[in-house]
Each structure stands twice: as C-alpha cells, then as structure tokens.
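> Sharing a structure, written as structure tokens. Questions coming.
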Amino acid sequence: MTEEAVVGPALDWTNPLRDGRDRRLPRIAGPSGLVIFGVTGDLSRKKLMPAVYDLANRGMLPPGFSLVGFARRDWEDQDFAQVVHDSVREHSRTEFREEVWQQLAEGMRFIPGDFDDDTAFDQLRQTVDDLDKARGTSGNYAFYLSVPPKFFPKVVQQLQKHGLADAPEGSWRRAIIEKPFGRDLTSARELNTLVHEVFEPDQVFRIDHYLGKETVQNILALRFANQMYEPIWNRSYVDHIQITMAEDIGIGGRAGYYDGIGAARDVIQNHLLQLMALTAMEEPIAFDAESLLTEKLKVLKSVRLPEKLGEHTVLAQYAEGWQGGAKVLGYLQEDGIDPQSKTDTYAAIKLEVDNRRWAGIPFYLRTGKRLGRRVTEIAVVFKRAPHSPFDSTATEELGQNAIVIRVQPDEGMTVRFGSKVPGTSMEIRDVSMDFAYGESFTESSPEAYERLILDVLLGDANLFPRHQEVEESWKILDPIEEYWARHGKPAQYPSGSWGPEEADEMLARDGRSWRRP
Ligand code: BG6
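Each residue of the sequence shown is one higher than the one before, counting from 1 in UniProt numbering.
Written out as structure tokens, the structure reads:
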C-alpha cells in the first residue's frame, strides 16, 4: 500500500479529552489497530470480529483502523478477510454496509504461524510498522489473547522478544486477556507475575464480558444515581440477596475446556462475584477504574465463607432429562467427558459480607448449565414489614418485597410489593412493577464485546477486573473447591430442571427458598 492510501482522521485525535473519560465527547477510538491471537476460535468468530465491524459501522473506529489475525492456518490476507466477512454477516448486530466493510477490509492482515515461530512474530512486527505508515495507526496496538491459557506465557514472551510489547514514543500497547485467569489462587498469581513481567498493570485489560453488559453497568446507575434505593440497601431492610445465572445450554463442544474446570470456576469466580461486588459495594468516590477497584476489592476481601461448607455449598452435575421437548444427554455421556468426571455443571454457594452494611445477610449465588431456562438476575429480597395491621388471612398470599435486576434476557428491573386485591374485602397479594429497556429506550445496547473492545482502544479501564480482584475471588473459591475435591461426588439434577434437591435443602435450612425466575 502506498503513502496515498493513508486515511486521514478527520477529528483531532491529539485532544487529550478524547480518551473517553469526557462523556460530552463522542466515544470514538483514536488511530489504532487490534491484533487477535487465536483468530480461528469460536470467540473470535462469534463475538470479536462482529464486534469490530459493529463498532466501525457505528462510527466508533478511526478510518484507518486495522485488524491483524494471527493463527496456524495457511491463509493469505484475503482468506482472513473472507472469514471475517462471513462471521460479520452471520453474527453482527448492525446492518451490513458495503462501504464500511470495504474500509475495514482494507486494513486486514493475516500472519500465519505458531506461537513459538520467531519468523511469524518478526512478520507481525513488520506488518504493524507497515500499517502505521499505510493506515495511520500511529503505533497504537491492542493484542487480544483469545487463546487457551497454556499459550499465554509463550505469546506474551514473544511479544516482548520481538519488541511488540514496548510502545514507541507517544503511542500505546495493550494486552487483552480472556478468562480463565488461572484455575486457583496459585496459578492466577503465576499468570499475573508472568504478564506483569512484560506489561505494566495499566496496559493489561482482563475481559469479564459480564461487566460489558448494559444491565450490569446499570447496577451502579440504579444504586448511585438515585435517592430511593440506597437508604434501604442494607442489613436493616434486606433479608438476603440471590444472584442467579442459569443457562439452558449444556457444554456444547467445550468438553476440553470445561471438564476439570466446572461451573464454579467457569462463572462464579468471575461473573457472579463481580455481580455480587457491584451489588454490595459502597459508593465509589468517582466513576473511574481506581475508585471502582477500591470499592469492589473491599467487598471481596470482606467475604466470609460459611463454616460448614458441606451444608452451605452444593456442586452438582446434569443428568439426562428433557429440554424444549427433546431428550438430552447427561454430562457424563457428553462427547469428550471422562465418564468418571466429578466436574460440577451447577454450583450454589452461600456467602456473607463482613461489614457494617451487610453483616449477617446471606448472598446466595447459583449457576448451572441445562437448567429450566436462560436467565441471569440479581434479586434483593427484603425483610417482611415489622408489623401488619391486617388480619393474617388478608396477607396469606403475600411474599417478601423484592427488587429484581434482570440482567438477561428480558433486560430490566422488577419491583415486587403487596397490593390490595380489588373487591369488597381486604386481601393483599403480590404485584410487580416493571421497567423494560425495550420500552423505555429507543437506543440499542452495544454487545458486551463491542463496548469492551472500544474501552480498550480508549484506554478506559473501568469495566475490567484488576489482578487484585482476580486473586481475591480465587481466595473465596479455593476452599470450596478443595472441600469438594476431598468430599466426594457432585449431586445430580435432571436436565431441564432448576437444579439439585440439595440446593433447595441448602436454602430450606435457612428458612428460605430459591426464586423460580
Ligand atoms: C462464559 C462461560 O464466560 O459465559 C460460559 O465460560 C457461559 O460457560 C458464558 O456459557 C455465558 O455468557 P452469556 O453472555 O451468554 O451469559
């Protein structure tokens, strides 16, 4: 490509306010490029490539934005562009516009190679330099490690060895890492040490895609932009909190990753503990990465595990069952799963937060695959009114007040409270008041990966967990995993159900029951 091919950015990219922190300016990434390792993987095809296109289509990428794929495939640039094209046509959220596609496709390059192939990394370095000249990417590159964790060390070392991790004067280099961030505290620490030998902490962006979801960000808006929730968001009014992430899918083709990891490590360690931290934390002094980290970390450090882990935690596996009218296999019959496997596909745990706001209030976290339906929600369940002037027959059908943040799929919020049933007698029953995104906003939500990739390009770290959070989360999970490794087999639950009886018993012991969302 010639010098004339440089696509000059029309906006003033040197404006320091354009780092995305000034909300009055449009959040548009400055000159930059993205290198994806593991570009042939599922995540890349289903999420990353469509997210890049959608960002371009929404006008949030600079005109010279460049996308470089790195993988062990005998592809030319145009083969890679074709793969991106197909994935965009299949998975992107915005309409396909030929002119946007063309501009993006001109900046696509592919590097074939293994992660220990020095020539390939030299070629990557050369490509990045060439793109700087041809497309005006100004040396600003994010490296997305969409690869199994066993390859992290190699890729990070190669980036360092080939001078790709060091940003040229006036530009930036960032590393994006996907979970799992280790499989326990020890391995997470090793991983952090290794990454931080090459990249400074503020160059590292760990993806927890739940933090990229609109509804998850809305937890903070709901709590801290309003007056009416915070006064009751504490142990004086709240009875308990239930955080549920239920999936109807099984493990699909992910046996290799999932077996030996299980539900608790796969999603409680990251997504659910993050949801819990956002629900329980104090108001941050500002909406910036440092302040959010400070508050989330305080929650994670204050978490107390139940003394009797056998009574207040449950791990289970899905057995055969029925889903959507079809018979489905049990976990142990799935392709690639060890028939003796003790891996959990369901986990429920009770935690408490030892601080003034929450002392004595249980947080029940549960997740599972092949459950009744796909739903993620946070339910804040309130204590009963201290006194009722009504006859007990009037309130027979009355449950506890609740605020339910519906993370997905029906994004919104429900408030449950008692109301008089119309009629000549005094009978009180539960009713719901609903807020639904679709009804209140005409704006569409960006997909989580779209938001997160844009944030990396803008250097905005608000929605990325730091390594301290990762470590604290493992400290919570490790004793539970160790307990279950020592104490036998996971319980069973039929596919399509709401989990094992043991999980119902766990709440019944506390005089409570799980919601059936
Ligand atoms: C991933 C887990 O982090 O989240 C998967 O590894 C899980 O096992 C997925 O299916 C769920 O994400 P979402 O956005 O569909 O709720």
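Even glycine gets a Cβ: it sits at the ideal position worked out from N, Cα and C. None of these values were measured; they are calculated from a predicted model.
1) Go to SER419, then tell me how far its beta strand (DSSP E) extends in each direction, as first and last residue.
2) Using the beta-carbon count (16 or more within 10 Å), is VAL195 buried or exposed?
3) On the DSSP bridge list, what partners appear for ILE176?
4) When you compare only the Cα positions, how much space is there between GLY499 and GLN227?
5) Express the C-alpha separation of TYR258 and LYS161 in angstroms, rounding to a whole number.
6) Quick check: is any heavy atom of the ligand BG6 less than 6 angstroms from the C-beta of ASP266?
7) Can you name the start and end residues of the alpha helix (DSSP H) that GLY163 belongs to?
8) With a 10 Å radius around its C-beta and 16 neighbouring C-beta atoms as the bar for buried, classify ALA142 as buried or exposed.
9) Could you check where the alpha helix (DSSP H) with MET281 kicks off and where it finishes?
10) Go ahead and pull the three-state DSSP assignment for ARG512.
11) Whose C-alpha, out of LEU477, SER497 and ARG27, is nearest the C-alpha of ALA319?
12) Rounded to whole angstroms, what is the Cα-Cα separation between LEU329 and GLY321?
13) Within its chain, find whatever has a CB closer than 6 angstroms to the CB of ASN15; leave out the 5 residues flanking it on each side and keep chain order.
14) Leaving out five residues before and five after PHE381 in sequence, what residues of the same chain have Cβ atoms less than 6 angstroms from its Cβ?
15) What's the gap between the Cα of GLU169 and the Cα of TYR493?
16) Would you decide whether SER388 is buried or exposed? Buried here means 16 or more other CB atoms lie within 10 Å of its CB.
17) In or out: VAL147 buried (at least 16 other Cβ within 10 Å) or exposed?
18) Who are the Cβ neighbours of PRO465 in its own chain at under 6 angstroms, not counting the five residues just before and after it?
19) Have a look at GLU99 and GLU106 and give me their C-alpha separation to the nearest angstrom.
20) Closest by CA to LEU309, which one among THR119, VAL88 and HIS487?
21) Could you spell out the range, first to last residue, of the alpha helix (DSSP H) harbouring GLY438?
22) Quick check on DSSP: helix, strand or coil for MET49?
23) Let me know if ALA485 comes out buried or exposed under the rule of 16 or more other beta-carbons within 10 Å of its beta-carbon.
24) Starting from the N-terminal side, write out each stretch of the beta strand (DSSP E) that is 3 residues or longer and does not extend beyond the stretch 62–108.
25) Thinking C-beta only, is SER187 closer than 7 angstroms to ARG370?
26) Check each candidate in ILE349, ASP344 and ASP410 and name the one with the smallest Cα separation from THR376.
27) With three or more C-beta pairs closer than 8 angstroms as the rule, is the stretch 62–76 touching the stretch 24–37?
28) Buried or exposed: where does ALA508 fall if 16 or more other Cβ atoms within 10 Å of its Cβ makes it buried?
According to the structure shown:
1) In the sequence shown, the residue the question calls residue 419 occupies position 419. 412–420 is the extent of the beta strand (DSSP E) around SER419.
2) The residue labelled residue 195 in the question sits at position 195 within the sequence shown. Result: buried.
3) For the purposes of this step, residue 176 is taken as the residue at position 176 of the sequence shown. Looking at the DSSP assignment, ILE176 forms a beta bridge with TYR144 and PHE205.
4) Indexing the sequence shown from 1 puts residue 499 at position 499. Indexing the sequence shown from 1 puts residue 227 at position 227. Approximately 37 angstroms, taken between the alpha carbons.
5) Counted from its first residue, the sequence shown places residue 161 at position 161. Counted from its first residue, the sequence shown places residue 258 at position 258. Between LYS161 and TYR258, the C-alpha separation is close to 32 angstroms.
6) In the sequence shown, counting from the first residue as 1, residue 266 sits at position 266. Indeed, a heavy atom of the ligand BG6 lies less than 6 angstroms from the Cβ.
7) Taking the first residue of the sequence shown as 1, we reach residue 163 at position 163. Note, GLY163: premise wrong, no alpha helix (DSSP H); not H, not E.
8) Your numbering for residue 142 matches position 142 in the sequence shown. Label assigned to ALA142: buried.
9) Translated into the one-based positions of the sequence shown, residue 281 becomes position 281. Unbroken run through MET281: none, as it is neither H nor E.
10) As a working mapping, residue 512 is identified with position 512 in the sequence shown. ARG512 falls in the coil class under three-state DSSP.
11) Counted from its first residue, the sequence shown places residue 319 at position 319. Of the listed residues, the one whose Cα sits closest to ALA319 is SER497.
12) Within the sequence shown, residue 329 is the residue found at index 329, counting from 1. Within the sequence shown, residue 321 is the residue found at index 321, counting from 1. Cα to Cα, LEU329 sits roughly 7 angstroms from GLY321.
13) One-based indexing of the sequence shown puts residue 15 at position 15. Here ASN15 scores only 42 on pLDDT, less than 50, and its place in the model should not be relied on; the value that follows carries that caveat. Nothing meets the Cβ criterion.
14) Taking the first residue of the sequence shown as position 1, residue 381 is located at position 381. According to the sequence shown, residue 381 is Val rather than Phe. Only ASP239, HIS240, GLN400 and ALA402 meet the Cβ criterion.
15) Within the sequence shown, residue 169 is the residue found at index 169, counting from 1. Within the sequence shown, residue 493 is the residue found at index 493, counting from 1. Whole-angstrom Cα-Cα distance: 57 angstroms.
16) Position 388 of the sequence shown holds residue 388. With fewer than 16 other Cβ atoms within 10 Å, it is exposed.
17) Indexing the sequence shown from 1 puts residue 147 at position 147. With 16 or more other Cβ atoms within 10 Å, it is buried.
18) Sequence index remark: in the sequence shown, residue 465 carries index 465 (1-based). Excluding positions up to five away in sequence, the list reads ARG206 and ASP208.
19) Counted from its first residue, the sequence shown places residue 99 at position 99. Counted from its first residue, the sequence shown places residue 106 at position 106. GLU99 and GLU106: Cα-Cα distance of roughly 11 angstroms.
20) The residue given as residue 309 occupies position 309 in the sequence shown. Here the closest residue by C-alpha is HIS487.
21) Indexing the sequence shown from 1 puts residue 438 at position 438. First-last of the alpha helix (DSSP H) with GLY438: 437–440.
22) Your numbering for residue 49 matches position 49 in the sequence shown. Helix.
23) Sequence index remark: in the sequence shown, residue 485 carries index 485 (1-based). Exposed, since its Cβ has fewer than 16 Cβ neighbours within 10 Å.
24) 66–71
25) Position 370 of the sequence shown, counted from the first residue, corresponds to residue 370. Position 187 of the sequence shown, counted from the first residue, corresponds to residue 187. Their beta carbons are not under 7 angstroms apart, which means ARG370 does not touch SER187 by this criterion.
26) Counted from its first residue, the sequence shown places residue 376 at position 376. Here the closest residue by C-alpha is ASP410.
27) yes
28) Against the sequence shown, residue 508 aligns to sequence position 508. Burial call: exposed.
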